[in-house]
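>
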Amino acid sequence: MEVSEYPLVSVICTGFNHEDYIEQALNSVLAQNYPKLEFILVDNGSTDKTKEIMEKWSFENRSKIPVKIIFRLDPLPYCVSFNDAFRLSKGKYFIDFSGDDAMLPDHIRNSVSTLANNPEAVICFSDAYLKKPGAQLKTFYQRDRKGELQDPVIQGNVYEKIVSKHIILSVTMVVRSDSFKSIGMYDESLSYEDFDIMVRLARDHPFVYSDHIGVVKNIHSRSLSAGQYRAKNSILLPSTLKVCHKIKEMNRSKDEDNALKDRVMYELKHALFSANFEVAEGFLDLAKVLGASGLRFWLFNFWGRRKWDMSNLYTKLKRE
C-alpha cells in the first residue's frame with residue numbers, strides 16, 4: 207500500500223502534570239510505523255514541567271511529524287478540553303492518548319488495518335500492558351506463557367457486556383472520527399469520558415478486537431482514573447451515576463436492564479466502601495428502579511442509611 211493510500215490518523219495527546227511520563231509518551235508516537243499521522247498536543251494547565259518538555263520535544267522533532275499545540279493557563283474539564291482539540295483534527299480515525307501512557311510501534315498500523323477489514327466497526331480495541339511500580343508487568347487480557355489469550359475476547363455487539371462490566375481498556379481504542387462526531391463527541395457535563403462514549407457508540411455499532419498488545423498503561427496514584435473511588439469526595443462517581451441513568455434510557459430489553467443492574471450494584475458497593483454516601487444514595491435509587499432485591503441489596507440499603515465509614519480500611523486494602 208502506498209503512503210498516499212493510508213488514512214490519516216489524529217493522535218490527540220493530553221498532558222496534565224505528567225513530567226515523569228510525557229517524553230516517553232511523545233517518543234512512542236514518533237516511533238509508530240504508520241506513515242500518516244497528525245499529532246495534537248494539549249497541556250491542560252500543568253503546574254510541573256510537562257509544558258516545557260512538550261515545547262522542547264516539539265521543536266526538536268518539528269521536521270519528523272506535524273504537531274499542533276494547545277497550552278492552557280488553567281485546566282479545563284477533560285471532556286471540554288478534548289472536544290476543543292478534536293475540532294482541530296482532520297483524521298479519518300483518532301486516538302485519545304494520555305500523556306502518562308506509551309504506544310508500542312505497531313499499534314496504529316495494526317488497529318487501522320483491522321478497521322479497514324471491518325468497515326462496519328466504529329472502534330478497534332486491543333490488549334495492553336499494565337505497568338505498576340514494584341509490580342510484575344501484566345496484560346489486561348489474561349494470556350498463557352506463550353502469549354496466547356486464555357479466553358476469547360468479546361467483540362461485535364458489545365453493548366450489554368460493557369454496560370455490565372469493564373471488558374475494554376479505553377486507552378487502546380482507535381475510533382472512527384465521523385462516528386464520534388455523529389453522537390456529539392464527549393459529553394461535556396461529565397468529569398471523565400470513556401464509559402459514556404463506549405456505551406453510546408456500542409448502542410448501535412459493532413466494535414472489533416485486534417489481537418496485539420498496543421499500549422503500555424502506567425498505573426499510578428496521580429492519574430485521573432485513580433480518583434474513581436477516592437474516599438469521601440470522588441469527582442468521578444457522580445458522572446458514573448449520570449452515565450448509568452443515560453444507559454437506562456438507552457436500554458431496549460430486560461437483559462440490558464439486568465446488565466445495568468450488575469453495574470449499578472458494583473458501583474454502589476464501591477461508593478459505600480469509599481464513603482461517597484450522597485452518590486451511593488443515587489445508585490440505591492436506580493438499583494430499586496431496576497428491581498434489585500435480596501440480602502446484598504438489603505445490606506447495601508441498610509449501610510447507606512447508617513453511613514458507616516469504612517473508607518480508611520478500603521483505601522488501605524486498595525494500596526496493598
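Note that my numbering gives residue 479 to position 273 of the sequence shown, counting from 1, and the numbers run on in steps of one. For glycine and all other residues, C-beta sits at the position ideal for the given N, C-alpha and C. Bear in mind that the values here come from a model prediction, so they are computed numbers and not experimental data.
Around the C-beta of S480, are 16 or more other C-beta atoms found within 10 angstroms, so that it is buried, or is it exposed?
Looking at its Cβ environment, which holds 16 or more other Cβ atoms inside 10 Å, S480 is buried.
> In the segment 379-447, which residue ranges form an unbroken alpha helix (DSSP H) of at least 4 residues, counting only runs that do not cross its ends?
Whole alpha helix (DSSP H) segments, 4+ residues: 383-388 and 400-408.
> So, do the segment 326-343 and the segment 365-378 have three or more beta carbon pairs nearer to each other than 8 Å?
Taking 8 Å as the limit for Cβ pairs, the verdict is that the segment 365-378 does touch the segment 326-343.
> Is the distance from the Cβ of A493 to the Cβ of V470 below 8 Å?
Going by C-beta atoms, A493 is nearer than 8 Å to V470.
> Taking only the alpha-carbon atoms, compute the straight-line gap between M207 and K298 and give it to the nearest angstrom.
In this predicted model, M207 has a pLDDT of only 48, less than 50, meaning its place in the structure is not dependable enough to derive any value.
> Going by beta carbon distance, what residues of the same chain come within less than 7 Å of D515, once the five residues before and after it are set aside?
The residues are A481.
> Should N518 go down as buried or exposed, given a rule of 16 or more other Cβ atoms within 10 Å for buried?
N518 should be labelled exposed.
> Give the range of the beta strand (DSSP E) segment to which D221 is assigned.
In the sequence on display, residue 221 carries Gly and not Asp. Here the beta strand (DSSP E) through G221 covers V215 to G221.
> What do you reckon, are the CB atoms on A237 and P358 nearer than 8 Å?
Not closer than 8 Å, so no.
> When the distance is taken between beta carbons, is V328 closer than 8 Å to F413?
Against a cut-off of 8 Å, the Cβ pair of V328 and F413 comes out as a contact.
> Considering only the beta carbon of each residue, do F506 and L474 sit closer than 8 Å?
Taking 8 Å as the Cβ cut-off, F506 and L474 qualify as a contacting pair.
> Less than 8 Å between the C-beta atoms of I368 and M309, yes or no?
The answer is no: Cβ separation not under 8 Å.
> For K338, which residues of its own chain have a beta-carbon under 6 Å away from its beta-carbon, when the five flanking residues on both sides are left out?
Correct list, in chain order: I425.
> So for G510, helix, strand or coil by DSSP?
Of the three classes helix, strand and coil, the one that applies to G510 here is helix, per DSSP.
> Considering only residues of the same chain and omitting the five flanking positions on each side of C450, which have a CB-CB separation below 8 Å?
Hits under 8 Å: L466, R469, V470, E473, F489 and L492.
> Is the beta carbon of M260 sitting closer than 8 Å to the one on L243?
No. Outside cutoff.
> Run through the segment 456-517 for me and flag every whole alpha helix (DSSP H) of 4 or more residues, listed as ranges in chain order.
Counting whole runs of 4 or more residues, the segment 456-517 contains the alpha helix (DSSP H) stretches 460-479, 483-495 and 500-512.
> Under 8 Å, do Y435 and H476 count as touching if we go by C-beta distance?
For Y435 and H476, yes; Cβs fall inside 8 Å.
> With distances taken between CB atoms, is the gap from L541 to D463 smaller than 8 Å?
Residue coverage of the chain in this structure runs from 207 to 526, which leaves residue 541 outside it and unanswerable.
> With DSSP as the reference, label T256 as helix, strand or coil.
If DSSP states are grouped into helix, strand and coil, T256 belongs with the helices.
> Compare the Cα-Cα distances from N239 to each of S385, F300, V318 and D417 and report the closest residue.
With distances taken between Cα atoms, N239 lies closest to V318.
> Counting along the chain, where does the beta strand (DSSP E) carrying E366 start and finish?
Premise fails: E366 lies in the alpha helix (DSSP H), Y365 to S370, not in any beta strand (DSSP E).
> Nearest to D393 by alpha carbon, out of L214, E455, P283 and L443?
Residue P283 is the option with its Cα nearest to D393.
> Whose C-alpha, out of P272, G251 and N233, is nearest the C-alpha of V422?
Comparing Cα-Cα distances from V422 to each of P272, G251 and N233, the minimum goes to N233.
> Under 7 Å Cβ to Cβ from D302, same chain only, skipping five residues before and after it: list those, please.
Excluding positions up to five away in sequence, the list reads I218 and F288.
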